[in-house]
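Worksheet for the structure shown next.
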Amino acid sequence: MLDADFFRRWMTVAAASVDREADRLTALDAAIGDADHGSNLQRGFRAVTAALEKEATDTPGAVLTLAGRQLISTVGGAAGPLYGTLLRRSGKALGDAAEVGTPQLAEALRAGVDGVMALGGAAPGDKTMLDALIPAVDALADGFAAARAAAEAGAVATVPLQARKGRASYLGERSIGHQDPGATSSALLIAALEEAASG
Ligand code: ADP
Ligand code: MG
Ligand code: MG
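Right, dumping it as structure tokens:
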């Protein structure tokens with residue numbers, strides 16, 4: 001079972017991973033966006049870890065809700081509200097359970113992904129974070145390693161796609177041939193689950 005400690009670890013590992021990969025995320029965004037995805041998420045996840053140190057979070061749901069709120073309030077641009085919605089919705093779906101299993105986590109993330117689609121209007125194949133998140137949630141029943149592999153494959157599979165949402169869509173066909181920054185950061189977020197579970 002996964003408790004609040006696990007979820008705090010998930011957010012801390014994700015923050016460290018975003019720190020480590022910020023330059024790569026920004027370089028990907030430089031190719032098809034405005035070169036701020038790494039710094040956007042870095043600012044957001046630093047705020048998340050700071051808030052988790054300051055505020056008590058007793059349940060998995062409370063951890064994700066707090067994290068989501070921080071991302072929404074500190075990250076400008078598309079990714080902040082979208083990731084914030086993902087985590088806040090997922091947190092809400094977990095309710096006030098003290099511990100949750102992987103199936104409940106998958107169900108909660110599914111609700112979070114639905115929130116991202118409702119807010120941003122993107123569908124699978126539009127070359128966005130959804131192209132990593134949806135395969136990951138689908139694979140979660142097979143474990144964290146399977147979810148990580150699915151998210152990474154989903155991110156790589158955005159390369160030949162033409163962007164239909166967000167800034168990259170302004171480029172039209174010129175967005176083809178580049179990996180989507182948001183799908184790449186989503187793969188980091190999912191990979192952090194596996195690392196949090198092993199730590
Ligand atoms: P901005 O484009 O405002 O500078 P970021 O660079 O931080 O924001 O984030 C860009 C990423 O956000 C994209 O790579 C894409 O994955 C994701 N994104 C943009 N628009 C949408 C949307 N409508 N739905 C889902 N994801 C989106
Ligand atoms: Mg950007
Ligand atoms: Mg921007």
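When the letters of the sequence shown are read in order and numbered with the UniProt record's numbering, they come out as residues 1 to 199.
C-beta: ideal position from N, C-alpha, C; glycine also.
Original post:
How about Gly196 and Arg9: are their beta carbons less than 9 Å apart?
Top reply: Reading off the sequence shown, one finds Ala at residue 196, where the question assumed Gly. Contact flag set, yes.
Original post:
Taking Cβ to Cβ, would you say Leu71 is nearer than 9 Å to Leu105?
Top reply: no
Original post:
What does a CB cutoff of less than 8 Å around Leu41 pick up in its chain, not counting 5 residues either side in sequence?
Top reply: Val18, Ala22, Leu25, Val75, Ala79, Tyr83, Ser185
Original post:
What does a CB cutoff of less than 8 Å around Val113 pick up in its chain, not counting 5 residues either side in sequence?
Top reply: Leu86, Leu130, Leu133, Ile134, Val137
Original post:
In angstroms, rounded to a whole number, what distance separates the CA positions of Gly101 and Met117?
Top reply: 25 Å
Original post:
What is the rounded straight-line gap between the Cα of Asp180 and the Cα of Phe45?
Top reply: 19 Å
**OP:** Would you tell me roughly how many angstroms separate the C-alpha atoms of Gly33 and Ala168, rounded to the nearest one?
**Re:** 5 Å
Original post:
Taking 8 Å as the cut-off, does the CB of His178 come closer than this to any heavy atom belonging to ligand 4?
Top reply: Ligand 4 is not part of the structure shown, which contains ligand 1, ligand 2 and ligand 3 as its ligands.
Subject >> Pocket of ligand 2 defined by Cβ to heavy atom distance under 5 Å >> reply: Asp29, Gly33, Asp34, Asp36, His37
Subject >> As assigned by DSSP and simplified to three states, the class of Leu2 >> reply: strand
Original post:
Apart from the five residues on each side of it in sequence, which residues of its chain come closer than 7 Å, Cβ to Cβ, to Ala145?
Top reply: Glu194
Original post:
Any chance the CB of Thr12 is under 8 Å from a heavy atom of ligand 1?
Top reply: no
Original post:
CB Val48 to CB Phe7, shorter than 9 Å?
Top reply: no
**OP:** Could you tell me which residues DSSP puts in a beta bridge with Val100?
**Re:** Leu2
**OP:** Please classify Ala56: is it buried, with 16 or more other beta-carbons within 10 angstroms of its beta-carbon, or exposed?
**Re:** exposed
Original post:
Just to check, is the beta-carbon of residue 286 closer than 8 Å to a non-hydrogen atom of ligand 1?
Top reply: Outside the displayed span of the chain (1 to 199) sits residue 286, for which this structure offers no information.
**OP:** Identify which residue in Ala35, Ala93, Glu107 has its Cα closest to the Cα of Thr59.
**Re:** Ala93
Original post:
Closer than 8 Å: is that where the CB of Ala183 sits relative to any heavy atom of ligand 1?
Top reply: yes
Original post:
Measuring CB to CB, does Arg43 end up less than 9 Å from Gly68?
Top reply: no
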